[in-house]
Amino acid sequence: MKIKFTILLFIFLASVLAPRAQEVITGLDFNIAVKKLFEQQKSLKSATAYDTVFVKLPFFDDFSTISIWPLPERWADNYAFVNTDYAKNALTVGVATLDAIDETGALYADAGSYPFEADKLTSQPIRLDSIFTPVARALAASDSVYLSFVYQPQGRGAMPAKKDSLLLEFHSPLNFDTIFGENDTTYVPRWDLIWSTGGGMQVDTFAVKNHGYFSQVLIPVTKEKYLKKGFRFRFRNYASLANSYVPDWQSNGDQWNIDLVYLNTGRSLNDTSIKDIAFADKAPSLLRNYQAMPYRQYRKNFLNEMQDTLDIRIANIDNVPHNISYGYNLRKDSQQPYEEYDAGNFSIYPFSEYGYSNYTPFAHPPVNSFYPIGTDAEQKVVFHSTHYITTDPNLSIKQNDTIRFTQVFSNYYAYDDGTAEAGIGLNGSAGSYAVKFELNDADTLRAMQFYINQTLSGTNNQYIDLLVWNDYLGAPGQVILKMADVIPLNSDSLNKFQTYWFEQPVVIDNSTFPGLIFYIGWQQGSIDNLNFGFDRYTDSHQQRFFNVTGNWQMSDVQHAGSLMLRPIVGLENPLSKPDPAAATTFKVYPNPVSGSYFNIELPKTWQVSDDISTELLDVSGRLIHKNEYQPTFQTDNLSKGIYLLRLNNGRLQQSVSQRIIISY
Numbered sequence: 001m002k003i004k005f006t007i008l009l010f011i012f013l014a015s016v017l018a019p020r021a022q023e024v025i026t027g028l029d030f031n032i033a034v035k036k037l038f039e040q041q042k043s044l045k046s047a048t049a050y051d052t053v054f055v056k057l058p059f060f061d062d063f064s065t066i067s068i069w070p071l072p073e074r075w076a077d078n079y080a081f082v083n084t085d086y087a088k089n090a091l092t093v094g095v096a097t098l099d100a101i102d103e104t105g106a107l108y109a110d111a112g113s114y115p116f117e118a119d120k121l122t123s124q125p126i127r128l129d130s131i132f133t134p135v136a137r138a139l140a141a142s143d144s145v146y147l148s149f150v151y152q153p154q155g156r157g158a159m160p161a162k163k164d165s166l167l168l169e170f171h172s173p174l175n176f177d178t179i180f181g182e183n184d185t186t187y188v189p190r191w192d193l194i195w196s197t198g199g200g201m202q203v204d205t206f207a208v209k210n211h212g213y214f215s216q217v218l219i220p221v222t223k224e225k226y227l228k229k230g231f232r233f234r235f236r237n238y239a240s241l242a243n244s245y246v247p248d249w250q251s252n253g254d255q256w257n258i259d260l261v262y263l264n265t266g267r268s269l270n271d272t273s274i275k276d277i278a279f280a281d282k283a284p285s286l287l288r289n290y291q292a293m294p295y296r297q298y299r300k301n302f303l304n305e306m307q308d309t310l311d312i313r314i315a316n317i318d319n320v321p322h323n324i325s326y327g328y329n330l331r332k333d334s335q336q337p338y339e340e341y342d343a344g345n346f347s348i349y350p351f352s353e354y355g356y357s358n359y360t361p362f363a364h365p366p367v368n369s370f371y372p373i374g375t376d377a378e379q380k381v382v383f384h385s386t387h388y389i390t391t392d393p394n395l396s397i398k399q400n401d402t403i404r405f406t407q408v409f410s411n412y413y414a415y416d417d418g419t420a421e422a423g424i425g426l427n428g429s430a431g432s433y434a435v436k437f438e439l440n441d442a443d444t445l446r447a448m449q450f451y452i453n454q455t456l457s458g459t460n461n462q463y464i465d466l467l468v469w470n471d472y473l474g475a476p477g478q479v480i481l482k483m484a485d486v487i488p489l490n491s492d493s494l495n496k497f498q499t500y501w502f503e504q505p506v507v508i509d510n511s512t513f514p515g516l517i518f519y520i521g522w523q524q525g526s527i528d529n530l531n532f533g534f535d536r537y538t539d540s541h542q543q544r545f546f547n548v549t550g551n552w553q554m555s556d557v558q559h560a561g562s563l564m565l566r567p568i569v570g571l572e573n574p575l576s577k578p579d580p581a582a583a584t585t586f587k588v589y590p591n592p593v594s595g596s597y598f599n600i601e602l603p604k605t606w607q608v609s610d611d612i613s614t615e616l617l618d619v620s621g622r623l624i625h626k627n628e629y630q631p632t633f634q635t636d637n638l639s640k641g642i643y644l645l646r647l648n649n650g651r652l653q654q655s656v657s658q659r660i661i662i663s664y
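In terms of the working numbering, the sequence shown opens at residue 1 and continues consecutively.
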């Protein structure tokens, strides 16, 4: 696979001239969440027609409604990514992220090493000619209209390069460029540059310079041409990928996070606060070590699996204290809550001076209960924790006053939260990668799941060996199982893990696995990064190990995050049934091929009428053949070598792959 640039630091040219084998974190070539929504709602791809929606003042959005695309009642396009994962030390839960990925979830077509126009976040037309409460009247410059927002470069993503930028532009509804065509005349909105900032600064350095992880910008709107019906503003970013000397490192980057966009009258340069109390982060898992785990394993040691306290971030983004109450409850499925925690009331001081609330009952509430342990008959159980704050009725922004976490108990372990912000792997050398897990009781390891990011060229579809190790002095020890010649398939939908089932399940007991500790992972003969999904929000770096020199090395905190690799333990249940897209369930014969053709026998669950296509790729990942399925494949024009044969089922939206050797 092609080598990509790390989102931890941009590699010097010296690194290109003298590459070293190492663990590497990369950006993404696809945003799967955006791609999924785009496929579901293709009719929403284009911006809303001009002058069909008018927003009245005040205009406000803190992106706490996690909608992937911006809300159409305020925003006219779908390029920004609304999420809870990319911001670092946010003011409210949820931000809009501008990067190098378009509204379909893919890199822009003109992406390259020179700055290119990337995302836009464009407001709907706004009634900036009038206000309607308490009395309708026309607006004037004396009404002191200001637009404010906060922004952050990089966050948990990739640092914008020095040559890249974030821009704010205004549009007057009277300001158009007229383009005369042969048959018609086109009027194109003209945008005025109002504010911009350059990249080249990592988020922690940015925080020191700006005395906070987000910096606020206030812009007066005073010109008469903007105080019109149909005024609009937009954010844009210019992005660039790795330079042409290292094209294999090119991937998504240049993240800018935007929050607290506020346009209203009666403001000033000193109006830096917003009357709101908000949750500033996602709801956490109540489990100590995992985001998900098998229910049977939880029951065996449920007290020790629970956290003692939680980390909750609450921010008062006003400039005066406010008295609020906080609490959370637990419930099973859709039942009534079985546990309530009430922290009572307390006065929260402004974030600008004191940061997040440090009042212990709010900031670190105790976990006084546990998830009910149930019975052996229950294999999949879901619980919900709901956190809520109650504020002064005068604080009208309520959508950020509730956060929720869904706790899944099934037959798999997960350190990750199911969403990839980046990719991780090895580059510069063949090697092995492993993730550590520990059981509470002897059990059966049946399979492993992992999430592979898509890449531009698809060259990470390479053969690897899946391995299971026991423990030796806190690192992977003896190889207990090897599943050879597996082709990891790309994940093309959100949270779509590929499942690889072992022909012979592995019994995890103390005789073979001291301490019931085991490791799962892979071994690769290629020097290329395979780009496994990497969750930068949850951190389990102390459970990750890689070996490129003959010795195992623990990942360090600089690579904080969780590899999206999960073991399936215990019984096979419907949540984790074998995924036909991941298993080699079709036959190819003869293989190796010594004649002029080979035969293809479809998987048992497929039908010839399923809209099946056949693809053949060479060892570099280059597509050399694509056609409708035929049971016989002619090889007359193929050179001797190794190929990847892939069948795609249009009806079932599944793919299967197998290696073909041409030996004549």
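For each residue, glycine too, the CB sits at the ideal point set by N, CA and C.
Being a predicted model, the structure only gives us computed values, none of them experimental.
Taking only three categories from DSSP, how would you classify Q558? If you number the sequence shown from 1, residue 558 lands on position 558. Note: Q558 maps to helix in three-state DSSP.
Nearest to R267 by CA position, among L218, L473, L445, is which residue? Position 267 of the sequence shown, counted from the first residue, corresponds to residue 267. That would be L218, whose Cα lies nearest to the Cα of R267.
Output the distance between the C-alpha atoms of K120 and K398, rounded to the nearest integer angstrom. For this step, residue 120 is matched to residue 120 along the sequence shown. For this step, residue 398 is matched to residue 398 along the sequence shown. Answer to the nearest angstrom: the Cα atoms are 27 Å apart.
Please go through the region 153-210 and give each complete alpha helix (DSSP H) segment of 4 or more residues, from N-terminal end onward. 203-210
In angstroms, rounded to a whole number, what distance separates the CA positions of V53 and R232? For the purposes of this step, residue 53 is taken as residue 53 along the sequence shown, with counting starting at 1. For the purposes of this step, residue 232 is taken as residue 232 along the sequence shown, with counting starting at 1. For V53 and R232, the distance between alpha carbons rounds to 11 Å.
Using 8 Å as the cut-off, can you tell me whether the region 116-130 makes contact with the region 196-215, which would need three or more C-beta pairs spanning the two stretches below that distance? no
Which stretch, first to last residue, makes up the beta strand (DSSP E) that contains E378? As a first step, residue 378 must be located in the sequence shown, where it is residue number 378. Run containing E378: none; DSSP gives neither H nor E here.
Per DSSP, which one or two residues make a beta bridge with Q498? Position 498 of the sequence shown, counted from the first residue, corresponds to residue 498. Its beta-bridge partners are F450.
L303 in three-state terms, based on DSSP: As a working mapping, residue 303 is identified with position 303 in the sequence shown. Residue state, collapsed to three classes: helix.
Just list the beta strand (DSSP E) runs in the region 497-532, keeping only unbroken ones of 3 residues or longer that don't cross its boundaries, in chain order. 498-508, 517-524
Identify the residues that DSSP records as bridge partners of T419: which are they? Against the sequence shown, residue 419 aligns to sequence position 419. Its beta-bridge partners do not exist; DSSP assigns none.
For Q658, which of helix, strand or coil comes out of DSSP? If you number the sequence shown from 1, residue 658 lands on position 658. Residue state, collapsed to three classes: strand.
Per the contact definition of three or more C-beta pairs closer than 8 Å, is the region 548-558 in contact with the region 272-289? no
Cβ atoms of Y290 and Y213: under 7 Å apart, would you say? Counting from one through the sequence shown, the residue named residue 213 turns up at place 213. Counting from one through the sequence shown, the residue named residue 290 turns up at place 290. Cβ atoms of Y213 and Y290: not closer than 7 Å.
Burial state of N83, where buried means 16 or more other Cβ atoms lie within 10 Å: As a working mapping, residue 83 is identified with position 83 in the sequence shown. Counting Cβ neighbours within 10 Å, N83 comes out buried, since at least 16 surround it.
Can you tell me whether H211 is buried or exposed? The criterion is at least 16 other CB atoms within 10 Å of its CB, across all chains shown. Position 211 of the sequence shown holds residue 211. Exposed.
Do the CB positions of S596 and D636 come within less than 7 Å of each other? Position 596 of the sequence shown, counting from 1, holds the residue named residue 596. Position 636 of the sequence shown, counting from 1, holds the residue named residue 636. Yes. Within cutoff.
Starting from Y354, trace the alpha helix (DSSP H) both ways and give me its first and last residue. In the sequence shown, counting from the first residue as 1, residue 354 sits at position 354. First-last of the alpha helix (DSSP H) with Y354: 351-354.
I'd like to know if the region 144-156 and the region 174-187 are in contact, where contact means that at least 3 CB-CB pairs between them fall below 8 Å. no
How about Q553 and A430: do their beta carbons lie closer than 7 Å? Here residue 553 corresponds to residue number 553 of the sequence shown, with the count starting at 1. Here residue 430 corresponds to residue number 430 of the sequence shown, with the count starting at 1. In this structure, A430 does not lie closer than 7 Å to Q553 by Cβ.
Three or more C-beta pairs below 8 Å linking the region 503-512 and the region 527-547: no
Any idea if E340 is buried or exposed, counting beta-carbon neighbours within 10 angstroms, 16 or more meaning buried? Residue mapping note: residue 340 aligns to position 340 of the sequence shown, counting from 1. Classification of E340: exposed, given that the 10 Å Cβ count is below 16.
On the DSSP letters alone, give me the boundaries of the alpha helix (DSSP H) that F362 sits inside. If you number the sequence shown from 1, residue 362 lands on position 362. Looking at the DSSP string, the run of the alpha helix (DSSP H) that includes F362 is 360-363.
What are the boundary residues of the beta strand (DSSP E) that F437 is part of? Sequence index remark: in the sequence shown, residue 437 carries index 437 (1-based). First-last of the beta strand (DSSP E) with F437: 431-438.
Span of the beta strand (DSSP E), counted from its first residue to its last, around P476: Numbered from its first residue, the sequence shown carries residue 476 at position 476. That run of the beta strand (DSSP E) goes 475-486.
How many Å lie between L263 and K163 at the Cα? Against the sequence shown, residue 263 aligns to sequence position 263. Against the sequence shown, residue 163 aligns to sequence position 163. Roughly 29 Å separates the two Cα atoms.
Determine the extent of the beta strand (DSSP E) in which Y643 is found, giving its start and end residues. Translated into the one-based positions of the sequence shown, residue 643 becomes position 643. From DSSP, the beta strand (DSSP E) with Y643 extends over 641-649.
K225 in three-state terms, based on DSSP: Here residue 225 refers to the residue found at position 225 of the sequence shown. Of the three classes helix, strand and coil, the one that applies to K225 here is helix, per DSSP.
Check whether the region 224-231 and the region 92-109 are in contact - that is, three or more C-beta pairs closer than 8 Å. no
For the region 596-610 against the region 469-481, do three or more pairs of beta-carbon atoms, one drawn from each stretch, fall closer than 8 Å, so that the two count as touching? no
Start-to-end residues for the beta strand (DSSP E) that takes in Q407: Locating residue 407 in the sequence shown gives position 407, counting from the first residue. Run containing Q407: 402-410, per the beta strand (DSSP E) assignment.
Take the Cβ of I324 as the centre, count every other Cβ of all protein chains shown within 10 Å, and call the residue buried at 16 or more, exposed below. Taking the sequence shown and counting its residues from 1, the one referred to as residue 324 is at position 324. By the neighbour-count rule (16 or more Cβ atoms within 10 Å), I324 is buried.
DSSP on F30, reduced to helix/strand/coil? Within the sequence shown, numbered from 1, the residue matching residue 30 stands at position 30. In this prediction, F30 scores a pLDDT of 49, lower than 50, which makes its location untrustworthy; no coordinate-derived value is stated.
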